[in-house]
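Those sequence lines, one after another, are chains P and C.
Using the numbering used here, count along the first sequence one by one with no gaps and you end on 471.
Using the numbering used here, count along the second sequence one by one with no gaps and you end on 471.
Glycine residues also receive a C-beta, built at the ideal position from the N, C-alpha and C atoms.
These figures come from a predicted structure and were not determined experimentally.
Protein chains: 2
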Amino acid sequence: MAALPIGKLAARTGVNIETIRYYERIGMIPPPPRSAGGQRRYDEIHLRRLAFVRRCRELGFPLDQIRALLDLVDGGDYTCAEVREATVRQLEAVRARIADLRIMERTLDAMAAACAGGSVPDCPIIDALFADRR
Amino acid sequence: MAALPIGKLAARTGVNIETIRYYERIGMIPPPPRSAGGQRRYDEIHLRRLAFVRRCRELGFPLDQIRALLDLVDGGDYTCAEVREATVRQLEAVRARIADLRIMERTLDAMAAACAGGSVPDCPIIDALFADRR
DNA sequence: GCTACAAGCTGTAGTCGCTACAGCTTCAAG
DNA sequence: CTTGAAGCTGTAGCGACTACAGCTTGTAGC
């Protein structure tokens, strides 16, 4: 029924056209059938799958993990535990990244606070950046 | 006095050898003098400068911003306000990134909580990933 | 002085996840 | 039937490294 050209698929999933073609090239999504003239024609299954990839990307999953997830789903014999495993691992990765960034944030904030921001050439930020850590 | 070969510089700054050569190639650090046989020999000035770059990278500054910062310092006529500007902008970038990641964190956490993790093949995480946002 | 072998050299290619062309062809509305 | 939007392939670029391969140099111990 719905035979979406790539532009419509892009509009409906929020995934860039170039990115869709890229995903196909690297095997993230299956190659769709083509029109007589060679243009890609997508259906609801492609839409669902691409939306899944998009959703995972928004949650920070790397492409190879998404591929693994899709393989699980495609296999049909996946267990909830396997999926939960991947999710928890990703959650931990996100938390680790946040922890890193929070250190950066505190340091930058302290540096900005130490600096009056005047037109004097002697800046405590530069001093801090040049200072040896540890 | 101190004529450090690249390996020692790497050890003292915590910057990978390959990365040091890369920084030189892209003009982040000046090319050092060479030994008779063509090997790089660094001094304290190089050490300080590389440590500065390292410190900025740890704080998440992109290389071109670090370059701008170094240009400011090299010019000698920088003002505290300019440096503070760059720092505050970087702080904002870090905070924006944290905000993004916290959304991911909450979503992943909710998904993991919704999932019992049993060996049943019907997984609420997969359902959530396939569900339309909005 | 000689011998090992650690350390350094250059240049190129790969990583991740896209994004941006150039130069062409096809589709679909009027 | 025309026209302009949309799609096609293939390649190259981004940022910030990292990892070779295949060679040369430096240096410590004898």
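Judged by DSSP in its simplified three-state form, residue 396(C) adopts coil rather than helix or strand. Closest in alpha carbon position to residue 453(C), among 417(P), 390(P) and 428(P), is 417(P). Per DSSP, residue 424(C) is one residue of the alpha helix (DSSP H) stretching across 417 to 451. Per DSSP, the unbroken alpha helix (DSSP H) holding residue 461(P) starts and ends at 461 to 467. Assigned with DSSP and collapsed to three states, residue 377(P) falls in strand. Closest option to residue 365(P), judged by alpha-carbon separation, among 357(P), 396(P) and 372(P): 357(P). Boundaries of the alpha helix (DSSP H) harbouring residue 346(C): 343 to 350, taken from the DSSP string. Residues of the segment 420 to 451 of chain C with a C-beta atom less than 7 Å from some C-beta of chain P are 420, 421, 424, 425, 427, 428, 431, 432, 434, 435, 438, 439, 441, 442, 444, 445, 446, 448 and 449, listed in chain order. Between the alpha carbons of residue 386(P) and residue 431(C) lies a gap of roughly 32 Å. Taking C-beta atoms as the reference points, residue 427(C) and residue 398(C) count as a pair closer than 7 Å. Taking 8 Å as the cut-off between beta carbons, the residues of the segment 360 to 391 of chain P near chain C are 385, 388 and 389, in sequence order. Bounds of the alpha helix (DSSP H) holding residue 362(P) are 354 to 362.
With its beta carbon at least 7 Å from every one in chain C, residue 346(P) lies outside the interface. Pairing residue 396(C) with residue 445(P) gives a Cβ-Cβ distance under 7 Å. Per DSSP, residue 404(C) has no beta-bridge partner at all. Only residues of its own chain outside the window of five on either side were considered, and among them 448 have a CB closer than 6 Å to the CB of residue 465(C), listed in chain order. Residue-level contact by beta carbon fails for residue 340(C) and chain P, as no gap is shorter than 7 Å.
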